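Contents: one structure, followed by commentary.
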Amino acid sequence: DTAVSQTPKYLVTQMGNDKSIKCEQNLGHDTMYWYKQDSKKFLKIMFSYNNKELIINETVPNRFSPKSPDKAHLNLHINSLELGDSAVYFCASSQAKNTEAFFGQGTRLTVV
Amino acid sequence: AQSVSQHNHHVILSEAASLELGCNYSYGGTVNLFWYVQYPGQHLQLLLKYFSGDPLVKGIKGFEAEFIKSKFSFNLRKPSVQWSDTAEYFCAVNSGGYQKVTFGIGTKLQVIP
Numbered sequence: 753d754t755a756v757s758q759t760p761k762y763l764v765t766q767m768g769n770d771k772s773i774k775c776e777q778n779l780g781h782d783t784m785y786w787y788k789q790d791s792k793k794f795l796k797i798m799f800s801y802n803n804k805e806l807i808i809n810e811t812v813p814n815r816f817s818p819k820s821p822d823k824a825h826l827n828l829h830i831n832s833l834e835l836g837d838s839a840v841y842f843c844a845s846s847q848a849k850n851t852e853a854f855f856g857q858g859t860r861l862t863v864v
Numbered sequence: 192a193q194s195v196s197q198h199n200h201h202v203i204l205s206e207a208a209s210l211e212l213g214c215n216y217s218y219g220g221t222v223n224l225f226w227y228v229q230y231p232g233q234h235l236q237l238l239l240k241y242f243s244g245d246p247l248v249k250g251i252k253g254f255e256a257e258f259i260k261s262k263f264s265f266n267l268r269k270p271s272v273q274w275s276d277t278a279e280y281f282c283a284v285n286s287g288g289y290q291k292v293t294f295g296i297g298t299k300l301q302v303i304p
């Protein structure tokens with residue numbers, strides 16, 4: 753059973769398009785995150801949600817809009833995609849404060 | 192603000208060699224520390240973590256790390272690496288609150304058979 757699952761695994765799209773990445777966790781965790789990993793493998797947090805409430809928004813362009821319909825899901829919608837958005841996006845979840853995060857398999861987004 | 196620095200960006204070792212990857216963090220208060228591993232094409236997996244207690248932490252696959260508070264360090268060690276340890280290793284810190292986990296830039300480990 754996959755604990756944190758993301759779809760799709762790969763996404764190739766043209767500049768200017770709008771796309772969504774879905775994330776679901778079946779661990780019963782309260783907190784979910786989106787991380788971006790660039791081509792140099794640098795991992796940066798984008799958003800953090802706790803019980804469907806936005807907790808962290810790390811200077812991410814407004815084109816990125818997370819949505820958490822319930823605490824098991826955190827989707828990421830991206831408008832007007834740009835070349836610089838190409839990266840691997842990881843969803844993660846954790847039980848509470850001060851515990852480790854469990855990561856999904858990642859979504860490799862390529863904007864052409 | 193918390194930050195993490197990993198000094199070795201690319202390490203190449205022969206099988207059976209010993210490994211030590213450096214990690215330093217900057218934050219004055221209580222921290223939780225992690226090492227994650229990312230095998231090629233895969234997601235991040237937790238190797239080990241430190242929250243409190245014994246500063247020498249043992250993780251999976253023979254890895255261990257030592258928290259030295261006075262040096263703000265959490266170095267990862269393994270006495271004898273294997274080819275299958277080839278991966279990217281990330282040190283991370285969480286200073287509490289709602290899980291703003293900050294990652295280091297990662298160290299690419301390449302083990303030559």
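Those protein sequence lines, which keep their order, are chains A and B. One rule links them: number in our numbering = place in the first sequence (from 1) + 752. One rule links them: number in our numbering = place in the second sequence (from 1) + 191. Backbone N, C-alpha and C define an ideal beta-carbon position, used for all residues, glycine too. None of the values given here were measured: they were computed from a predicted structure.
Using a Cβ-Cβ distance cut-off of 8 angstroms, the segment 209-226 of chain B and the segment 818-838 of chain A are not in contact, since fewer than three pairs of beta carbons, one from each stretch, lie closer than that value.
Within 10 angstroms of the beta-carbon of Tyr785 (chain A) lie 16 or more other beta-carbons, which makes it buried. Ranked by Cα distance from Gly297 (chain B), the first of B:Leu247, B:Val228, B:Pro270, B:Trp274 is B:Val228. One thing to note: Glu279 (chain B) has its Cβ within 8 angstroms of the Cβ of Lys299 (chain B). Here Gln273 (chain B) is exposed, its C-beta having fewer than 16 other C-beta atoms within 10 Å. In chain order, Phe225, Tyr227 place their CB closer than 7 angstroms to the CB of Leu237 (chain B), counting only its own chain and leaving out the 5 sequence neighbours on each side. According to the DSSP assignment, Glu255 (chain B) belongs to the beta strand (DSSP E) that extends over 255-259. Using beta-carbon distances, Glu852 (chain A) counts as an interface residue toward chain B, with a partner under 8 angstroms. In summary, Thr811 (chain A) is exposed, with fewer than 16 beta-carbon neighbours lying within 10 Å of its beta-carbon over all protein chains present. The beta carbon of Leu224 (chain B) does not come within 8 angstroms of any beta carbon belonging to chain A, so the residue lies off that interface. Ranked by Cα distance from Phe854 (chain A), the options B:Ile303, B:Ser196, B:Asn199, B:Leu239 are led by B:Leu239.
From the beta-carbon of Phe855 (chain A), the residues of chain B found nearer than 7 angstroms are His234, Leu235. Within the segment 222-269 of chain B, the complete beta strand (DSSP E) segments of 3 residues or longer fall at 223-229, 235-241, 247-249, 255-259, 264-269, listed in chain order. The beta carbon of Arg815 (chain A) sits closer than 7 angstroms to those of Ile830, Asn831, Ser832, all from its chain and outside the five residues before and after it, given in chain order. Residue pairing for Ser772 (chain A): DSSP places it in a beta bridge opposite A:His829. Looking at the backbone, the Cα of Asp245 (chain B) and that of Thr862 (chain A) are separated by about 44 angstroms. Beta-bridge analysis with DSSP links Ala755 (chain A) to no other residue. Against chain B, the beta carbon of Phe842 (chain A) has neighbours under 9 angstroms at His234, Leu235, listed in chain order. Chain B places no beta carbon closer than 8 angstroms to that of Leu826 (chain A), leaving this residue out of the contacts. Cβ neighbours of Gln233 (chain B) within its own chain (closer than 8 angstroms, five residues either side excluded): none.
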